[in-house]
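Enquirer: Below you will find the structure I want to go over with you.
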Amino acid sequence: MTPLYFLDILGTAAFAISGALVAMNKRLDPFGVFIIAFVTAVGGGTMRDMLTGRLPVGWMNDINYMYTILIATLFAIVFRKRLRFWSKTFFLFDTIGIGVFTIIGTEIGVKAGFHPVISIALGTMTACFGGVTRDILCNDIPIIFRKEVYAIACIVGAITFLVLEKFIANTNIIYIATTLIVITVRLLAVKFKLSLPTFYSDTR
Amino acid sequence: MTPLYFLDILGTAAFAISGALVAMNKRLDPFGVFIIAFVTAVGGGTMRDMLTGRLPVGWMNDINYMYTILIATLFAIVFRKRLRFWSKTFFLFDTIGIGVFTIIGTEIGVKAGFHPVISIALGTMTACFGGVTRDILCNDIPIIFRKEVYAIACIVGAITFLVLEKFIANTNIIYIATTLIVITVRLLAVKFKLSLPTFYSDTR
Amino acid sequence: MTPLYFLDILGTAAFAISGALVAMNKRLDPFGVFIIAFVTAVGGGTMRDMLTGRLPVGWMNDINYMYTILIATLFAIVFRKRLRFWSKTFFLFDTIGIGVFTIIGTEIGVKAGFHPVISIALGTMTACFGGVTRDILCNDIPIIFRKEVYAIACIVGAITFLVLEKFIANTNIIYIATTLIVITVRLLAVKFKLSLPTFYSDTR
C-alpha cells in the first residue's frame with residue numbers, strides 16, 4: 002500500500018463522514034445517509050472518470066472504497082453527537098482528503114496528456130464535485146459556489162503540483178508539498194475568514 | 002421477445018407513468034412532463050451504463066424504450082384524473098418494474114465480473130436512480146432518501162439474485178423468484194408501514 | 002476555422018454569459034459564477050458525449066472552449082449592469098448558439114448511425130441540457146420544463162436538419178437553413194408569447 006493510497010482512503014473516510022453529517026442534519030433515513038456519504042466521498046472521482054472515459058469508474062474496481070465508506074458512515078451515525086467535539090481533527094482529515102484528491106485528479110490529467118488548465122480542472126473537480134453532488138441531492142445550492150475558499154485551495158494545489166512536477170523527480174516530495182500547500186491555504190483562509198471578493202454591493 | 006424484455010418494457014412504462022404523474026403534480030408543461038417521464042424510466046439504467054462504460058447507453062440502441070415512454074406519457078396525460086382509481090394496478094406494475102430493473106442491473110454486474118457488493122449496488126441503482134433524478138429535476142430531496150423502503154426491496158432482491166445464481170441454472174426461475182421477493186418485500190413494507198429505523202429522536 | 006466552429010464558439014460565449022447572469026442573480030461568488038457559466042456552456046455537449054461514449058468529452062480536447070468561457074464570464078461580471086441594455090443582441094447570440102448546438106448534436110447522432118428520433122434527442126439535449134444543469138445547480142426547477150418554447154425550437158431545428166440532410170449535399174446550406182429555422186421559431190414564439198398548451202385548468 003503506497004502512502005498516497007493510504008491518504009486516499011483516509012480522505013475518502015473523511016469525506017464520507019462529512020456527507021453523513023450533512024445528511025443526518027437533513028434527517029434522512031439510514032439508507033439516505035449512506036448514499037449521501039457515498040456520493041460525497043466518490044462523486045468527484047466518479048465525475049472525473051466519466052468525463053475522461055476511465056470506465057468502469059474507480060470505486061467499482063476496488064471494493065475498499067465501498068467498505069471504507071460503509072464503516073465511516075456507521076462511525077458517523079454512532080458518534081454523531083460527539084463528532085462536534087472532534088471538529089478540528091475532522092477538519093484536518095477532510096483537508097488532507099482535499100489535498101490528496103486534488104493530486105490524484107491533477108496527476109491523471111497530466112498522465113493523459115491534457116492541457117494544464119484541464120488538468121487543474123480535473124484535480125479541482127476530483128476534490129470538489131463530491132460536495133457539489135451532496136448539496137444537490139440535499140436540495141441546497143452547492144456551498145462551494147457561495148462562500149467556500151475550498152475550491153481556491155484545490156486550484157492553488159493543482160498549480161503547485163503542475164509546477165513541481167516539471168522540476169522534481171521524486172513524486173513523494175511533490176505529493177507532500179502539494180498536500181501541505183492545500184492545507185495551508187485552507188487553514189489560512191478559514192483563520193482569516195478569507196473569501197473571494199464579491200461585487201454585488203453596487204448591483205442592488 | 003424474451004419474458005424479461007417484456008417485463009422490462011412493462012416496468013419502463015410504469016416508471017414513465019410515475020414520472021409523468023409527479024411532473025404533472027408540479028404543473029410542468031407537456032415537454033417537461035415527457036422529459037421527467039423519460040429520466041424516471043431510463044435514468045437508472047443510464048447511470049449504470051455511464052459508470053460501467055456500456056456506451057452508448059442502452060436506450061440509444063433500442064428505440065422501443067423511447068416509444069414506450071412516449072405512449073406511457075400520453076396515456077398518463079390523458080388519463081391523469083382516472084389514474085388514482087387504478088393506483089393498485091399501477092403500484093403492481095411499478096413494483097414489477099423495480100424487480101426487473103434490479104435483476105437487469107445485478108446481472109450486468111455479475112457478468113462483468115464485479116464484486117458482489119458492486120453488483121448489488123448496480124442492481125439497486127438501476128431500479129432507484131431514475132426516481133432520484135426525477136426528484137432532483139423537480140427540486141425535491143429524493144423521496145428514496147427520506148421514507149421509502151423501495152431501496153431495501155432492491156437490495157434484498159439483488160442479494161436473492163446473487164444467491165440463487167450460484168445454485169440454480171435455470172435463469173427464468175431466478176428471475177421469477179427475485180421479482181417475487183422484491184414484490185413481497187415492498188408489499189409487506191407498505192402494508193405494515195415499515196421503514197428504516199430512525200435515530201434522530203435524541204439529537205434535537 | 003470553419004464557420005460552424007466560429008458559431009460554436011459564439012454560442013458557447015453566449016451560453017456562458019447567460020449562465021453567469023443567472024449565477025450573479027443568485028449572488029454566487031466569482032468561482033461559482035464561472036462554474037455555472039461553464040456548465041451552462043458545455044453541459045449539453047458533455048452529457049451528449051458521456052451518453053454516447055465520445056470520451057474524453059469535447060471541451061477537454063480543445064482548450065478554446067475553456068478560454069472562451071473564462072473571457073465571457075469576465076465580460077459578464079464587468080458589464081453586468083449594462084448587459085440589460087444589450088438584451089436583444091444577447092438574445093440573438095444565444096439563439097444562434099441554440100441553433101448551432103442543435104446542429105452539432107443532431108449531426109453526431111446521424112453520423113453515429115442512431116435512429117432519427119435519438120438524433121433529434123441528441124441535438125435537443127446538446128442545446129438544452131446546459132441550461133437544465135445551470136438551473137439544478139442554482140436550485141430551481143429547470144425553466145425549460147415550465148415555460149420555455151426553447152426545446153420546441155431545438156426539436157423543429159433537429160427535424161429540419163434530418164430532412165434537409167436527405168436531400169441537400171451542401172452542408173453549409175443545411176447549417177444555415179437549420180439555424181434560421183431555430184431562430185425563426187424562437188423569435189415567433191417569444192413575439193407571440195407562444196407556449197405549449199397546458200392541460201391543468203380542469204385538474205384542480
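Chains as they are written, first to last, in our numbering: chain A, 2 to 205; chain B, 2 to 205; chain C, 2 to 205. A virtual CB, placed ideally from N, CA and C, is assigned to each residue, including glycine.
Which residue marks the beginning of the alpha helix (DSSP H) containing MET25/C, and which one marks its end?
Expert: Counting from 1 along the third sequence, the entry for residue 25/C is found at position 24. Start and end: 4–26.
Enquirer: Taking contact to mean at least 3 C-beta pairs separated by less than 8 Å, is the stretch 24–37 of chain B in contact with the stretch 179–189 of chain A?
Expert: The stretch 24–37 of chain B is not in contact with the stretch 179–189 of chain A.
Enquirer: Between the alpha carbons of PHE222/A and CYS129/C, how many angstroms are there, rounded?
Expert: With chain A represented from 2 up to 205, any question about residue 222/A goes unanswered, as that position is not in the structure.
Enquirer: Does DSSP put ALA159/A in a helix, a strand or coil?
Expert: What you label residue 159/A is simply residue 158 of the first sequence in a count that begins at 1. Correct three-state label for ALA159/A: helix.
Enquirer: Enumerate, from N- to C-terminal direction, the unbroken beta strand (DSSP E) stretches of 3 or more residues contained entirely within the stretch 50–84 of chain A.
Expert: Counting whole runs of 3 or more residues, the stretch 50–84 of chain A contains no beta strand (DSSP E) stretch at all.
Enquirer: At the level of alpha carbons, what is the spacing between ALA190/B and TYR151/B?
Expert: Along the second sequence, read from residue 1 onward, the residue named residue 190/B stands at position 189. Along the second sequence, read from residue 1 onward, the residue named residue 151/B stands at position 150. Distance between the alpha carbons of ALA190/B and TYR151/B: 9 Å.
Enquirer: Does the beta-carbon of ALA170/C have 16 or more other beta-carbons within 10 angstroms, so that it is buried, or is it exposed?
Expert: Against the third sequence, residue 170/C aligns to sequence position 169. Exposed is the call here.
Enquirer: Mapping DSSP to helix, strand and coil, what is VAL40/A?
Expert: As a working note, residue 40/A is residue 39 in the first sequence. In this structure, VAL40/A counts as helix in the three-state DSSP scheme.
Enquirer: Return the CA-CA distance between GLU9/A and ILE144/B, expressed in angstroms with no decimal places.
Expert: In the first sequence, counting from the first residue as 1, residue 9/A sits at position 8. In the second sequence, counting from the first residue as 1, residue 144/B sits at position 143. Sequence inspection shows Asp at residue 9/A; the Glu mentioned does not correspond to that position. Distance between the alpha carbons of ASP9/A and ILE144/B: 31 Å.
Enquirer: At a Cβ cut of 7 Å, what residues of the stretch 82–115 of chain C count as close to chain B, listed as they run along the chain?
Expert: The residues in question are PHE115.
Enquirer: Reducing DSSP to helix, strand and coil, say where PRO31/A ends up.
Expert: Translated into positions along the first sequence, residue 31/A becomes position 30. Looking at PRO31/A - three-state DSSP - the assignment turns out to be helix.
Enquirer: If you draw a straight line from the alpha carbon of THR85/B to that of ILE18/B, how long is it in whole angstroms?
Expert: Residue numbering aside, residue 85/B sits at position 84 when the second sequence is read from its first letter. Residue numbering aside, residue 18/B sits at position 17 when the second sequence is read from its first letter. It is worth fixing the name first, because residue 85/B is Arg in this sequence and not Thr. Going by the C-alpha atoms only, they are around 12 Å apart.
Enquirer: I'd like to check one pair, GLY20/B with THR41/B: are the Cβ atoms closer than 8 Å?
Expert: To locate residue 41/B, count along the second sequence from 1; it is residue 40. To locate residue 20/B, count along the second sequence from 1; it is residue 19. Yes; because the gap between Cβ atoms is below 8 Å, this pair is in contact.
Enquirer: With a CB to CB cut of under 6 Å and the five nearest residues on each side skipped, what residues in its chain are close to PHE80/C?
Expert: The residue given as residue 80/C occupies position 79 in the third sequence. None.
Enquirer: Using a Cβ-Cβ distance under 8 Å, would MET67/A count as near chain B?
Expert: Taking the first residue of the first sequence as position 1, residue 67/A is located at position 66. Interface residue, yes.
Enquirer: Nearest to ILE1/A by CA position, among VAL133/A, GLY158/A, THR172/A and ALA15/A, is which residue?
Expert: Outside the displayed range of chain A (2 to 205) lies residue 1/A, so it cannot be described from this structure.
Enquirer: Between the stretch 97–116 of chain B and the stretch 41–50 of chain B, are three or more C-beta pairs nearer than 8 Å?
Expert: Cβ pair count under 8 Å is three or more, so yes.
Enquirer: Among the candidates THR127/A, ARG83/A, THR3/A and ASN62/A, whose CA atom is the shortest distance from the CA of VAL43/A?
Expert: The residue given as residue 43/A occupies position 42 in the first sequence. Checking every option, the nearest Cα to that of VAL43/A belongs to THR127/A.
Enquirer: Is the CB-CB distance between TYR66/C and THR103/C below 8 Å?
Expert: Position 65 of the third sequence, counted from the start, is the residue given in the question as residue 66/C. Position 102 of the third sequence, counted from the start, is the residue given in the question as residue 103/C. Not closer than 8 Å, so no.
Enquirer: Does SER120/A pass the burial test, meaning 16 or more other C-beta atoms within 10 Å, or should it be called exposed?
Expert: Position 119 of the first sequence, counted from the start, is the residue given in the question as residue 120/A. Buried, by the Cβ-count rule.
Enquirer: Please report the distance separating the alpha-carbon of ILE78/C from that of GLY106/C.
Expert: Against the third sequence, residue 78/C aligns to sequence position 77. Against the third sequence, residue 106/C aligns to sequence position 105. Those two C-alpha atoms are separated by around 29 Å.
Enquirer: Using a Cβ-Cβ cutoff of less than 8 Å, which residues in the same chain neighbour GLY59/B once the five nearest sequence positions on both sides are dropped?
Expert: By 1-based counting over the second sequence, the position of residue 59/B is 58. Around GLY59/B: VAL43, GLY46, THR47, ASP50 and TYR66.
Enquirer: Kindly list, in the order they appear in chain C, the residues whose Cβ is closer than 8 Å to that of MET51/B.
Expert: Residue 51/B sits at position 50 when you count from the first residue of the second sequence. Within chain C, the residues near MET51/B are MET51 and LEU52.
Enquirer: For the stretch 21–34 of chain B, enumerate the residues whose C-beta is nearer than 7 Å to any C-beta of chain C, in chain order.
Expert: Answer in chain order: LYS27, ARG28, LEU29, ASP30, PRO31, PHE32 and GLY33.
Enquirer: Let me know if THR125/C comes out buried or exposed under the rule of 16 or more other beta-carbons within 10 Å of its beta-carbon.
Expert: To locate residue 125/C, count along the third sequence from 1; it is residue 124. Counting Cβ neighbours within 10 Å, THR125/C comes out buried, since at least 16 surround it.
Enquirer: With a threshold of 8 Å between beta carbons, is PRO117/A in contact with chain B?
Expert: What you label residue 117/A is simply residue 116 of the first sequence in a count that begins at 1. So no, PRO117/A is outside the interface.
Enquirer: For the stretch 119–148 of chain C, list every residue whose C-beta sits within 8 Å of some C-beta in chain B, in sequence order.
Expert: So the close ones are ILE119, ALA122, VAL133, ILE137, ASN140, ASP141, ILE142, PRO143, ILE145, PHE146, ARG147 and LYS148.
Enquirer: Name the two residues that bound the continuous alpha helix (DSSP H) containing GLY100/A.
Expert: As a first step, residue 100/A is located in the first sequence; it is residue number 99 there, counting from the start. Its alpha helix (DSSP H) spans residues 88–112.
Enquirer: How is the alpha helix (DSSP H) around PRO143/C delimited, first residue to last?
Expert: By 1-based counting over the third sequence, the position of residue 143/C is 142. No alpha helix (DSSP H) contains PRO143/C, which DSSP labels as neither H nor E.
Enquirer: Hey, how far is the Cα of PRO57/B from the Cα of LYS89/A?
Expert: If you number the second sequence from 1, residue 57/B lands on position 56. If you number the first sequence from 1, residue 89/A lands on position 88. Straight-line Cα distance between these residues: approximately 45 Å.
Enquirer: Where does LYS192/A sit, in a helix, a strand or coil, going by DSSP?
Expert: As a working mapping, residue 192/A is identified with position 191 in the first sequence. It is helical.
Enquirer: Can you tell me whether LEU29/C is buried or exposed? The criterion is at least 16 other CB atoms within 10 Å of its CB, across all chains shown.
Expert: Counting from 1 along the third sequence, the entry for residue 29/C is found at position 28. With 16 or more other Cβ atoms within 10 Å, it is buried.
Enquirer: In three-state DSSP terms, what is ASN171/A?
Expert: In the first sequence, residue 171/A corresponds to position 170, counting from 1. If DSSP states are grouped into helix, strand and coil, ASN171/A belongs with coil.
Enquirer: Between ALA159/C and chain B, is the shortest Cβ-Cβ distance under 8 Å, so that the two count as touching?
Expert: Counting from 1 along the third sequence, the entry for residue 159/C is found at position 158. By this cut-off, ALA159/C is not an interface position.
Enquirer: List, in chain order, every chain A residue whose beta-carbon is nearer than 7 Å to that of ALA152/B.
Expert: Here residue 152/B is taken as the residue at index 151 of the second sequence, counted from 1. Per Cβ cutoff of 7 Å: PHE32.
Enquirer: Does MET2/C pass the burial test, meaning 16 or more other C-beta atoms within 10 Å, or should it be called exposed?
Expert: To locate residue 2/C, count along the third sequence from 1; it is residue 1. The residue in question, MET2/C, is exposed, as its Cβ has fewer than 16 Cβ neighbours within 10 Å.
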